[in-house]
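Mapping to the UniProt record's numbering: the sequence shown position 50 is 50, numbers consecutive. Below: the structure, in structure tokens.
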Amino acid sequence: MVEIPGDRVDPGHREADGECMTSSQTSLHGPRTPVPAERRRVRWRSVLVFGAVAYGLFALCAAPFWVLDEGITHPLYTLVIGAGMFAPTIASVVVAKLVDRTSWRDAVGLRFRGRWKRILLWAPLATLLVLALNLATAVIMVLRGVPGDLTGSTWAAEVSRSMSEQGAEMPTGAAVALVLAISAFGLLLTVVPALGEEIGWRGWLRRELAPLGPWPAIVLGGAIWSLWHLPVTLIGHNYTGQPRWAAVAMFLPASIALHYLFSAITERAGGNPIPAAFAHATLNSTLGVAIGVVATSETASELNWFLDTPMGLTGIVLIAATAFAIMPRTGRGAGRGDQQRTAPEAG
Numbered sequence: 001m002v003e004i005p006g007d008r009v010d011p012g013h014r015e016a017d018g019e020c021m022t023s024s025q026t027s028l029h030g031p032r033t034p035v036p037a038e039r040r041r042v043r044w045r046s047v048l049v050f051g052a053v054a055y056g057l058f059a060l061c062a063a064p065f066w067v068l069d070e071g072i073t074h075p076l077y078t079l080v081i082g083a084g085m086f087a088p089t090i091a092s093v094v095v096a097k098l099v100d101r102t103s104w105r106d107a108v109g110l111r112f113r114g115r116w117k118r119i120l121l122w123a124p125l126a127t128l129l130v131l132a133l134n135l136a137t138a139v140i141m142v143l144r145g146v147p148g149d150l151t152g153s154t155w156a157a158e159v160s161r162s163m164s165e166q167g168a169e170m171p172t173g174a175a176v177a178l179v180l181a182i183s184a185f186g187l188l189l190t191v192v193p194a195l196g197e198e199i200g201w202r203g204w205l206r207r208e209l210a211p212l213g214p215w216p217a218i219v220l221g222g223a224i225w226s227l228w229h230l231p232v233t234l235i236g237h238n239y240t241g242q243p244r245w246a247a248v249a250m251f252l253p254a255s256i257a258l259h260y261l262f263s264a265i266t267e268r269a270g271g272n273p274i275p276a277a278f279a280h281a282t283l284n285s286t287l288g289v290a291i292g293v294v295a296t297s298e299t300a301s302e303l304n305w306f307l308d309t310p311m312g313l314t315g316i317v318l319i320a321a322t323a324f325a326i327m328p329r330t331g332r333g334a335g336r337g338d339q340q341r342t343a344p345e346a347g
């Protein structure tokens, strides 16, 4: 999206131009989004408008699959819900342009001057980090007693057999390499809709809730994000085959932990949400692969969705601990891009 030249800039959202630091940034460990001295309160009207637009558009995309017999297995489900993932970006544009009357790119952190090195570092690093978390939860699942094969040989043999059945005879190593290449390509495609979410949640909402202080901002931001998923969580998108009330309840702490992690990555990238989009895409596109690598024919029947996945208790603990470890502390260099005084960039 292109910013319209000549927009009036609200000092409440000019992260790039240097602001007075307030108490919300002095925590030894938490979001360090600068809050201008002249705006130390959350603009709740903007938050409500943002939430209403984001939720309304996403619910509209999910609505057909509430009534279609196929539900989330419908051939168009992935495409339509992928489009719905841009609802938070659209909501941020509406709020920036119509409510706050400010620069949209500043409001969501899509600035690059002085941040390129951190963006280029944290995009692949975030990808590897989330991939490692997905694999770690799968390994812990097997170590706790769920049937599995930590060598990956069962998975490799199944991949080769599947390729042969489809008429693509090839050595096991080549079959595995092909599957991994396809997964990597799928990840890159998934980054686009993931960015649609990250611009809104970690770009706009993270900044807007910053005056609350680190932990309240994390918890409330994650809770709002969790509720936004209700239109698909209630029809089986998360925690396959589990009671929907339990899925909604478990998704709340999972969303808070992930909001913490993606916010930490965004902070490390100088406030730019692009690396968080890579992390988000990796979570979405490699979760099944990570479980599959250690799976056997008995794994699915013994797997506990509320314990053994990145969205279960094991994943929540690992994700929260990782976020705690990488979130910039006050005075460390990772947050300087949010504080440095720079000239406004061309739109």
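Even for Gly, the Cβ is constructed at its ideal location relative to N, Cα and C.
Can you check whether the CB of residue j is closer than 9 Å to the CB of residue i?
{"i": "Leu-110", "j": "Ile-199", "result": "yes"}
{"i": "Val-146", "j": "Leu-303", "result": "yes"}
{"i": "Pro-193", "j": "Phe-50", "result": "no"}
{"i": "Leu-258", "j": "Asn-134", "result": "no"}
{"i": "Ile-119", "j": "Ala-264", "result": "no"}
{"i": "Ala-83", "j": "Ala-96", "result": "no"}
{"i": "Ile-90", "j": "Ala-54", "result": "yes"}
{"i": "Arg-207", "j": "Gly-271", "result": "yes"}
{"i": "Ile-316", "j": "Ala-254", "result": "yes"}
{"i": "Ala-281", "j": "Val-176", "result": "no"}
{"i": "Trp-305", "j": "Gly-241", "result": "yes"}
{"i": "Ala-136", "j": "Leu-318", "result": "yes"}
{"i": "Ser-226", "j": "Leu-252", "result": "yes"}
{"i": "Val-99", "j": "Leu-212", "result": "no"}
{"i": "Phe-58", "j": "Trp-228", "result": "yes"}
{"i": "Ala-247", "j": "Asn-238", "result": "yes"}
{"i": "Gly-222", "j": "Ile-256", "result": "yes"}
What whole-angstrom Cβ distance do residue i and residue j have, given they're in contact under 8 Å?
{"i": "Leu-220", "j": "Leu-209", "result": "6 Å"}
{"i": "Gly-328", "j": "Glu-267", "result": "It is Pro, not Gly, that sits at residue 328 in the sequence shown. With 8 Å as the limit, Pro-328 and Glu-267 qualify as a contact, their Cβ atoms being about 5 Å apart."}
{"i": "Val-179", "j": "Val-159", "result": "5 Å"}
{"i": "residue 348", "j": "Gly-196", "result": "The requested residue 348 does not occur in the structure, where the chain is confined to residues 1 to 347."}
{"i": "Ala-138", "j": "Ala-290", "result": "5 Å"}
{"i": "Ser-285", "j": "Ser-183", "result": "7 Å"}
{"i": "Gly-312", "j": "Ile-72", "result": "Their Cβ separation, rounded to whole angstroms, is 19 Å, which puts Gly-312 and Ile-72 out of contact at 8 Å."}
{"i": "Thr-47", "j": "Cys-61", "result": "According to the sequence as given, residue 47 is Val; it is not Thr. Wrong, their Cβ atoms sit about 22 Å apart, outside the cutoff."}
{"i": "Thr-314", "j": "Leu-307", "result": "6 Å"}
Which residues bound the alpha helix (DSSP H) around residue i?
{"i": "Tyr-260", "result": "244-268"}
{"i": "Tyr-55", "result": "44-62"}
{"i": "Phe-278", "result": "274-293"}
{"i": "Gly-315", "result": "313-326"}
{"i": "Glu-302", "result": "299-302"}
{"i": "Leu-230", "result": "230-233"}
* alpha helix (DSSP H) segments (min. 4 residues) lying fully within the segment 69-140 -> Inside the segment 69-140, DSSP marks whole alpha helix (DSSP H) runs of 4 or more residues at positions 77-84, 87-94 and 104-108, from first to last along the chain.
* **Start-end ranges of the alpha helix (DSSP H) lying completely within the segment 155-221, minimum 4 residues** => Complete alpha helix (DSSP H) runs here, min 4: 172-198.
* Answer yes if the segment 270-278 comes into contact with the segment 121-136, meaning at least three C-beta pairs across the two stretches below 8 Å, and no otherwise. => For the pair of segments examined, the segment 121-136 was found to touch the segment 270-278: the number of CB pairs separated by less than 8 Å reaches three.
* Any contact of the segment 289-300 with the segment 137-155, i.e. 3+ C-beta pairs under 8 Å? -> In short, these stretches touch, since the Cβ pair count reaches three.
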